[in-house]
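Chemist:
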Amino acid sequence: MVFYTNMTRKVGAHIGGVENFAAAVEKAVKMGCNAMQIFSGSPRIWQRRTLELIVTPEFLQTRDRLGVNPVVTHALYLVNLASDKAENVEKSFKSLKYELEFDAAIGGGGVVVHVGSHQGRGWENARDQVIQVIADLLKATPANSCFLIENAAGQNGKVGDDLKEVAEILERVEQIGKYVSNGRIGWCFDTCHAHAAGYYLGEVAPDLTFTGKSEKDMKNAHRRGALSARAMITELGLWDALKCIHVNDSKDPFGSGRDRHQNLGDGMIPQADMKVFLNLPQLRETVPLILEVPGLDEEGPDAENVQRLKGLIAL
Ligand SMILES: [Zn+2]
Ligand SMILES: [Zn+2]
Numbered sequence: 009m010v011f012y013t014n015m016t017r018k019v020g021a022h023i024g025g026v027e028n029f030a031a032a033v034e035k036a037v038k039m040g041c042n043a044m045q046i047f048s049g050s051p052r053i054w055q056r057r058t059l060e061l062i063v064t065p066e067f068l069q070t071r072d073r074l075g076v077n078p079v080v081t082h083a084l085y086l087v088n089l090a091s092d093k094a095e096n097v098e099k100s101f102k103s104l105k106y107e108l109e110f111d112a113a114i115g116g117g118g119v120v121v122h123v124g125s126h127q128g129r130g131w132e133n134a135r136d137q138v139i140q141v142i143a144d145l146l147k148a149t150p151a152n153s154c155f156l157i158e159n160a161a162g163q164n165g166k167v168g169d170d171l172k173e174v175a176e177i178l179e180r181v182e183q184i185g186k187y188v189s190n191g192r193i194g195w196c197f198d199t200c201h202a203h204a205a206g207y208y209l210g211e212v213a214p215d216l217t218f219t220g221k222s223e224k225d226m227k228n229a230h231r232r233g234a235l236s237a238r239a240m241i242t243e244l245g246l247w248d249a250l251k252c253i254h255v256n257d258s259k260d261p262f263g264s265g266r267d268r269h270q271n272l273g274d275g276m277i278p279q280a281d282m283k284v285f286l287n288l289p290q291l292r293e294t295v296p297l298i299l300e301v302p303g304l305d306e307e308g309p310d311a312e313n314v315q316r317l318k319g320l321i322a323l
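Each residue of the sequence shown is one higher than the one before, counting from 9 in the numbering used here.
Encoded structure:
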């Protein structure tokens, strides 16, 4: 196995299947990571343990000793800030408040959030609520916590498949409380979701006629055409607020709107395009590159995918 020594970049993976966070740090380091992402508890249940029980000195010391930084948190899958049911929004608020407190307690790299789905109501009818809830949340949480909006793949009215929605949230939340400029909110770019939503990562647009999909599948790609991720992020002024990259290949063709991650190089994102994107000069070296791939053994990110990622950024 080749070991790359150029570790100025932050290479990480989502780490699960371990007893505690200290073990997660050790697992990440064994895989070759110097950054990682975790859930603060199960992503499928609302319940959480008190912070004192999970943010242990053993975890923080292991992290510092082994140099894993940043540790990014991923919020629950149940969260929906765009729901039209007040009870769901309330539960989501409480849950995210906990996640942000967790992020502050560990001095982490932010909480990645799937904002949710407007369930067909349309972004125009959900955006005021989403923006207000996020602003309230930032007001109610520690100053050293950070909320990261993740771009979506384009399924079921999910907010943020269109990067303009991400830009709009950031702009309006900034107006309310300077939350972008004071580092309280930013966004996370998932390469699989971008590919699904019709943003290509390389320099040349994919030929939409050769993706061989049903009309329904092509909805996203055709709605906007194929857009350059780099050009769009630049046009929307989103480079500075970009705080995390989820590096995932995709099992589905460009513009499919489907969210099925694949191991790097084994999916439908051209690796040359992935390489171009990950090495863009606009992308800061400090932005962590986090794998959320299925792994060769279907047990989550592994050393092989970490090596493949390092190969993509080894210039
Ligand atoms: Zn992701
Ligand atoms: Zn995904």
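Each residue gets a CB set at the ideal place from its N, CA and C atoms; glycine is no exception.
For Y106, which residues from the same chain have a beta carbon less than 6 Å from its beta carbon, with the 5 sequence-adjacent residues on both sides left out?
Modeler: R56, listed in sequence order.
Chemist: For P309, which residues of its own chain have a beta-carbon under 8 Å away from its beta-carbon, when the five flanking residues on both sides are left out?
Modeler: So the list reads A21, H22, I23, M39, L299, E300, V301 and G303, once near-sequence residues are dropped.
Chemist: Is K35 helix, strand or coil when you go by DSSP?
Modeler: The answer is helix: DSSP assigns K35 an H, G or I state.
Chemist: Please list, in chain order, all residues of the same chain as L317 whose beta carbon is under 7 Å from its beta carbon, the five residues on each side excluded.
Modeler: Counting only Cβ-Cβ distances below 7 Å, and skipping sequence neighbours, we find V19, V255, L272, L297 and L299.
Chemist: Around the Cβ of D136, are there at least 16 other Cβ atoms within 10 angstroms (buried) or fewer (exposed)?
Modeler: With fewer than 16 other Cβ atoms within 10 Å, it is exposed.
Chemist: At a threshold of 7 Å, does A36 count as lining ligand 3 (C-beta to nearest heavy atom)?
Modeler: With respect to small molecules bound, the structure shown includes ligand 1 and ligand 2 and not ligand 3.
Chemist: Does the contact criterion of 3 or more C-beta pairs under 8 Å hold for the region 118-133 versus the region 157-174?
Modeler: The answer is yes - the region 157-174 touches the region 118-133, with three or more Cβ pairs under 8 Å.
Chemist: State yes or no: is the C-beta of D257 nearer than 7 Å to some heavy atom of ligand 1?
Modeler: Checking every heavy atom of ligand 1 against the Cβ of D257, none is found closer than 7 Å.
Chemist: Straight-line CA distance for V367 to G263?
Modeler: Outside the displayed span of the chain (9 to 323) sits residue 367, for which this structure offers no information.
Chemist: Run through the DSSP bridge pairs and tell me what D257 is partnered with.
Modeler: According to DSSP, which records beta bridges pairwise, D257 is partnered with Q270.
Chemist: Hey, quick one: how far does the alpha helix (DSSP H) through L68 stretch, first residue to last?
Modeler: Unbroken alpha helix (DSSP H) run through L68: P65 to L74.
Chemist: Counting along the chain, where does the alpha helix (DSSP H) carrying M240 start and finish?
Modeler: M240 -> alpha helix (DSSP H) spans A237 to E243.
Chemist: Could you check where the alpha helix (DSSP H) with V138 kicks off and where it finishes?
Modeler: From DSSP, the alpha helix (DSSP H) with V138 extends over W131 to K147.
Chemist: Following a CB-centred definition, is C200 positioned closer than 7 Å to any heavy atom of ligand 2?
Modeler: Yes, Cβ of C200 sits closer than 7 Å to a heavy atom of ligand 2.
Chemist: Give the DSSP-derived three-state secondary structure of Q315 in the structure shown.
Modeler: It is helical.
Chemist: Between which two residues does the beta strand (DSSP E) carrying C200 extend?
Modeler: First-last for C200: T199 to A205, but that is the alpha helix (DSSP H), not the beta strand (DSSP E).
Chemist: Contact between the region 185-196 and the region 139-153: three or more CB pairs below 8 Å?
Modeler: Yes, the region 185-196 is in contact with the region 139-153.
Chemist: Please tell me whether S258 and C200 are closer than 8 Å, where the distance is taken between their beta carbons.
Modeler: It is a contact, given that the beta carbons lie within the stated cut-off.
Chemist: Answer yes or no: do G162 and A249 have a C-beta to C-beta separation smaller than 8 Å?
Modeler: No, Cβ-Cβ distance for G162 and A249 is not below 8 Å.
Chemist: When every heavy atom of ligand 2 is checked, does at least one fall within less than 7 Å of the C-beta of D267?
Modeler: Yes, ligand 2 has a heavy atom inside 7 Å of this Cβ.
Chemist: Apply the 10 Å Cβ neighbour rule to L324 and answer buried if 16 or more other Cβ atoms are within range, or exposed otherwise.
Modeler: Residue numbering for the chain in the displayed model covers 9 to 323; residue 324 lies beyond these limits and cannot be assessed.
Chemist: Answer with buried or exposed for T64, where buried requires no fewer than 16 other C-beta atoms within 10 angstroms of its C-beta.
Modeler: Exposed: under 16 other Cβ atoms inside 10 Å.
Chemist: So who's on the other strand from G194, going by DSSP bridges?
Modeler: BP columns for G194 point to L156.
Chemist: Output yes or no for whether 8 Å exceeds the beta carbon distance between V121 and F155.
Modeler: Result yes, Cβ atoms of V121 and F155 sit closer than 8 Å.
Chemist: Return the chain-ordered list of same chain residues with a C-beta closer than 6 Å to the C-beta of G25, the five sequence neighbours on each side being excluded.
Modeler: Closer than 6 Å at Cβ, skipping near neighbours: no residue.
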